[in-house]
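Protein chains: 4
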Amino acid sequence: MALTADQEEEVAAARAASAQTRRPTVPALEALLFRALPVLDHGFVRVVDYMGDDAAVVQAARVSYGRGTRAANEDRGLIRYLMRHRHSTPFEMCEIKYHVKLPIFVARQWIRHRTANVNEISARYSILDREFYLPAPTALAAQSPANRQGRGEVLAGAEAARVLDLLREDATRNYDHYLDMLNEGEDGKPADPSRPGLARELARMNLTLNAYTQWYWKTDLYNLFHFLSLRADSHAQYEIRVYAEAMMDTVRAWVPHSAEAFSDYRLGAVTLSAQMVSVVRRLLAGEAVAQESSGLSKREWREMMDSLGRGDG
Amino acid sequence: MALTADQEEEVAAARAASAQTRRPTVPALEALLFRALPVLDHGFVRVVDYMGDDAAVVQAARVSYGRGTRAANEDRGLIRYLMRHRHSTPFEMCEIKYHVKLPIFVARQWIRHRTANVNEISARYSILDREFYLPAPTALAAQSPANRQGRGEVLAGAEAARVLDLLREDATRNYDHYLDMLNEGEDGKPADPSRPGLARELARMNLTLNAYTQWYWKTDLYNLFHFLSLRADSHAQYEIRVYAEAMMDTVRAWVPHSAEAFSDYRLGAVTLSAQMVSVVRRLLAGEAVAQESSGLSKREWREMMDSLGRGDG
Amino acid sequence: MALTADQEEEVAAARAASAQTRRPTVPALEALLFRALPVLDHGFVRVVDYMGDDAAVVQAARVSYGRGTRAANEDRGLIRYLMRHRHSTPFEMCEIKYHVKLPIFVARQWIRHRTANVNEISARYSILDREFYLPAPTALAAQSPANRQGRGEVLAGAEAARVLDLLREDATRNYDHYLDMLNEGEDGKPADPSRPGLARELARMNLTLNAYTQWYWKTDLYNLFHFLSLRADSHAQYEIRVYAEAMMDTVRAWVPHSAEAFSDYRLGAVTLSAQMVSVVRRLLAGEAVAQESSGLSKREWREMMDSLGRGDG
Amino acid sequence: MALTADQEEEVAAARAASAQTRRPTVPALEALLFRALPVLDHGFVRVVDYMGDDAAVVQAARVSYGRGTRAANEDRGLIRYLMRHRHSTPFEMCEIKYHVKLPIFVARQWIRHRTANVNEISARYSILDREFYLPAPTALAAQSPANRQGRGEVLAGAEAARVLDLLREDATRNYDHYLDMLNEGEDGKPADPSRPGLARELARMNLTLNAYTQWYWKTDLYNLFHFLSLRADSHAQYEIRVYAEAMMDTVRAWVPHSAEAFSDYRLGAVTLSAQMVSVVRRLLAGEAVAQESSGLSKREWREMMDSLGRGDG
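Protein chains in written order, with the working numbering: chain R, 1 to 313; chain H, 314 to 626; chain W, 627 to 939; chain F, 940 to 1252.
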């Protein structure tokens, strides 16, 4: 369970409030607002604010005085044109803010995206929750023998149990020692008055990288798409990809035309190098082309043939 | 007049629309939304969207699940603390979007602030309006004899008239030649069918730097404060300062606690160098300190004495 | 001529100086250092400093203690891999600084690239040079009838002469009035002592957008590639493309492996949307596919067929 | 010891290489180049490349064709002027690149500075070193009773020993289990061939936050000063402050005038709010002012009095 009863109550209170606004408003996203979408065993993503909609992209592209919309059909066409030709600035006119709970090792990947605003809970001030990420059986993967960065088969049986035991025991023990070093009772007074507690900013170093942290993370739609293109990709680590996928759902509710264009022209797109274009031209002209004479490395040849549906190439 | 009748109508239509939202909403800013606040002779600033409020700053600083507010008084205190200690990230959680009409030479200063999102009307696609900035008599300043970057006395009489005539005639003639080179009628067809029109992307180069352009400009509250601290300052050029002042009014309506803290700890603040601190310490201890023995240059001495109300120093 | 005799002398002096360094050094770029590469009629680009080389990209990707290089061949392969898979951060480890002289309307496009450092000559302090961009006959293009943003045929004969006359006369007259309003002699004293000069920050507004400005512009290799991918592209306006092309020459001298990978995987690459990939798969399987049943718009169909060498498609 | 014998050899080889360059070169920084300056128990900072010098700041401010320098004295004065008036862009013209080894919890603070380029060693690809930060006795601080974010007295005797034992044992055990789950021998083959190894990207989550990581970190001088103003400050956590202090030494060797101006106008400066200025004016006029009538909170009053040397205030 990601939220405590108190937190659920705060969320319910936030959802119950409502006001009139002249701003662009998206009912499908309002329906999701503040709700925690569960991710991994203790994490979540929730949209806590947003600004703009598909029409705001159009309005910015046209620098218009009103909503910028003409026929809905024209708007969709313009958005697809902008996405296809990599016009970035109109998509920067929409903004979204998430509250995310996530393991620290995932947060360390995520934070590498620099064009976002972040407020993370500080373990210099606060005591972190007693929650650690433990992979589900289906996510407990062995190292890929072929790819230094990849996952192979899923561990099973005794081996899986052994690894999960190690992860759970080490995280739990380290957390217990963290509390012990802090020596703080629930009332903020020393649990054991006979000794001082270690400074919070030091005690936290005993935590493991699967401990959960949380932050407010705010970005514009263009940079969100960039984040999603890297993190919703099949090469991304599973533990961050599931966050990206939950966020992709919120984007579809928020800006459906932009999300569709993003799927067609970015997520589902294939980029061919100059050499690959030359090979495809020859293939389309009916020529038989072999890897050896293609100018492509074996690896590139395989990647290209896979994406063009000629896995036998 | 900054807006045409058509544009006024578009604005009125945008203002008439209204929707329910669960998002933080600020009635005082809603009242201003979409309205063009006039600046200079043909320019304006208008807020076209916003996200967050004073409570969002507090919420981010506390990484809380709900609104983050406790007593209003505590919120104000926390915001002042954050501003005083230059905590930047909570203020980044609020976002605002303006539509601005401004002379090109002002736009060139403005755009140097890189942490914002911008969509400017493109003179490669569009024909710019026939509007140029001509200074009001009170703004027609001579070069300062003392300061290479500053303004001196206001020009008067025949001299003022002569300068205004030159500015008006040159801008008007150049704009007329711009239209002539474009050779486009109102219907998009050649005004003179016997000759081709020059490409828009080339013809625009005949315009003067006081021609008006317009853009959507979106930024977060932290970076907006940075912009305002530089551009609402008395050292800023008058023609950009008036935009900053109009924006300052919108910020006061939007986030009153943050705006107050900004005025107290940034706009109205004075920074003393290490040497200046040492002088003030000696002065407070009752010592007589002269510039010569202060470790300060004459210029720094004068600047410090002015800000400490000892202009006679 | 882009540089005055004094400036040429300063450049020669800078080129004559030399020092020992332990830093990565690129002789081919050292040979170009400080030299003004002419662009347009009065502009130039010159490299004034740089940091890193191809090996620095490799070193960062490997986070190694030494130069990071193994066999030169392995380095090239790694750089190509990084470029193909859009790894951005290793390319950010190289930095280059240019001094550029360029027309103001080109500067206004250029400055939209925000991830760079810029110091532009200030017309609040300084008096700009008496130089304006006037297109060469081959660049004097008519508006494209098909594309609102594009160029069509080149103007010729009397029409060309008329346009050039207008551009020259307006720019010259406005510059003369600029000087007249400033009322500054060469010695900094009033040219006409009987009247005050208009403030520089105001007088500049009479200049035309083809007046030349200049700046120092510094960026990292990743962001430079992004700039070049947009501005060395055939859709870019000619007047900025020629700057990008001159810079591309300096990049080839500086980081030959990275420049080659950039040409292969970015400049010469083609991105196919999800729908386009599906069409190519069907074509490669020997199926006849028509635009109508392709899921592509006519425009997209034409763009794809052009890039795949089937312009008759 | 921060570097292995192999690494020391790589560093020595890099230091032995030398080349001629026309670029600005700083002998005092060349002397430090590539050398690891030790920080904490296993960490270091080393400068691996740089670009520009004090003269480059001056050159950019003047947008000059040559080195930009006049008399050395004038350069110093201009640099101080730029720093005092918070001109940021000329300082952005210098760039420096560090290689840093640091505990993960320090890296997590550091990375919040977004205007830098970073390449961190990836625990998805590589196996981290068996090194953890264990505080020296003088750094083993208790939680401050007064300040939720601060440190109090240093732990001593049995209490200190107990905490250090916990930190050492937990970090060591978790690292051993990390290796055990990886099941990789030195030759990259399974240590125990009878079972698969856990994927590296998963096994790393068992590490503690005091494990060491390393990265290349590159930034410009303006943003470096911003980093140092926050992290070399007495409110910064000790474990990041020692890195900032080592870097401050490298900055003094690199750009002595800029570093001096930074110390005087930023590090050693005091900012007075509007209310504080008013109090200081009254005090200087000989008036007795009490906190109650000052408009300042008790906390602000105390902070101001401390910085003005009237701690008894």
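Just so it is clear, CB atoms sit at the ideal spot from N, CA and C, and this is done for glycine as well.
Under the three-state reduction of DSSP output, F/Asp1159 falls in the strand class. DSSP places W/Thr897 in the uninterrupted beta strand (DSSP E) bounded by Val896 to Leu898. The segment 105 to 124 of chain R and the segment 439 to 455 of chain H do not touch, with fewer than 3 CB-CB distances between them shorter than 8 Å. When the five nearest sequence neighbours on each side are left out, the beta carbons in the same chain lying within less than 7 Å of the beta carbon of H/Ala315 are those of Ala349, Pro351, His355, Gly356, Phe357 and Lys414, in order along the chain. Under DSSP, the beta-bridge partners assigned to H/Gly356 are H/Val352. For R/Thr89, the three-state secondary structure derived from DSSP is helix. Within the DSSP secondary-structure output, F/Thr1147 pairs in a beta bridge with R/Thr208. With contacts defined by Cβ atoms closer than 8 Å, F/Leu1118 and F/Leu1137 do not form a contacting pair. Counting C-beta pairs with one atom in each stretch, the segment 102 to 110 of chain R and the segment 73 to 81 of chain R have fewer than three that are closer than 8 Å, which means they do not touch. Judged by DSSP in its simplified three-state form, H/Asp493 adopts helix.
For the segment 200 to 222 of chain R, no residue has a beta-carbon sitting nearer than 7 Å to a beta-carbon of chain W.
In chain order, Arg508 and Pro509 make up the part of chain H whose C-beta sits under 7 Å from the C-beta of W/Glu785. One alpha carbon belongs to R/Thr213, the other to R/Ile240, and they sit about 14 Å apart. Per DSSP, reduced to three states, the secondary structure at R/Gln59 is helical. At least one C-beta of chain F is nearer than 8 Å to the C-beta of H/Gly581. Here the alpha carbon of F/Lys1237 sits roughly 45 Å from the alpha carbon of W/Ser748. At a cut-off of 8 Å between beta carbons, W/Arg936 contacts chain R. For W/Arg794, there are no neighbours in chain H by C-beta distance under 7 Å, as the nearest C-beta there is about 10 Å away. Contact annotation: in the segment 701 to 726 of chain W, residues whose CB is within less than 7 Å of a CB in chain F are Thr715, Pro716, Glu718, Met719, Glu721 and Lys723. A straight-line Cα-Cα distance of about 10 Å links R/Lys189 and R/Pro196. Under a 10 Å Cβ-count criterion, H/Asn460 is classified as exposed, with fewer than 16 other Cβ atoms of the shown protein chains found around its own Cβ.
Taking 8 Å as the CB threshold, R/Ala60 stays off the interface with chain W. In summary, F/Tyr1064 is exposed, with fewer than 16 beta-carbon neighbours lying within 10 Å of its beta-carbon over all protein chains present. By the neighbour-count criterion, in which a residue is buried when 16 or more other Cβ atoms sit within 10 angstroms of its Cβ, F/Ser1212 is buried. In the three-state scheme derived from DSSP, where H, G and I count as helix and E and B as strand, W/Thr764 is classed as helix. Under the 8 Å Cβ criterion, the segment 1198 to 1207 of chain F counts as touching the segment 579 to 594 of chain H, having at least three qualifying pairs. Checking the DSSP bridge columns, you'll see H/Gln456 partnered with H/Arg464. Apart from sequence neighbours up to five positions away, the residues of its chain that approach F/Arg1221 with a beta-carbon distance below 6 Å are Val1228, ordered along the chain.
In terms of beta-carbon proximity, R/Tyr125 lines the interface with chain F, with at least one pair separated by less than 8 Å. Between F/Thr960 and W/Ala645 a beta carbon distance of about 6 Å is seen, short of the 8 Å cut, so the two are scored as contacting.
Looking at the DSSP output, R/Lys97 sits in a beta bridge with R/Asp49 and R/Lys218. Contact with chain F is absent for H/Ser606, since none of that chain's Cβ atoms lies less than 8 Å from the residue's Cβ.
Taking a C-beta distance under 8 Å as the contact criterion, H/Leu441 and H/Ala524 qualify as a contact pair. Among the residues facing chain R, H/Val467 is not included, as its CB has no counterpart in that chain under 8 Å away. Straight across, the Cα-Cα distance linking W/Leu793 with W/Glu827 is about 24 Å. Judged by their CB atoms, R/Ile96 and R/Thr172 are not nearer to each other than the 8 Å cut-off.
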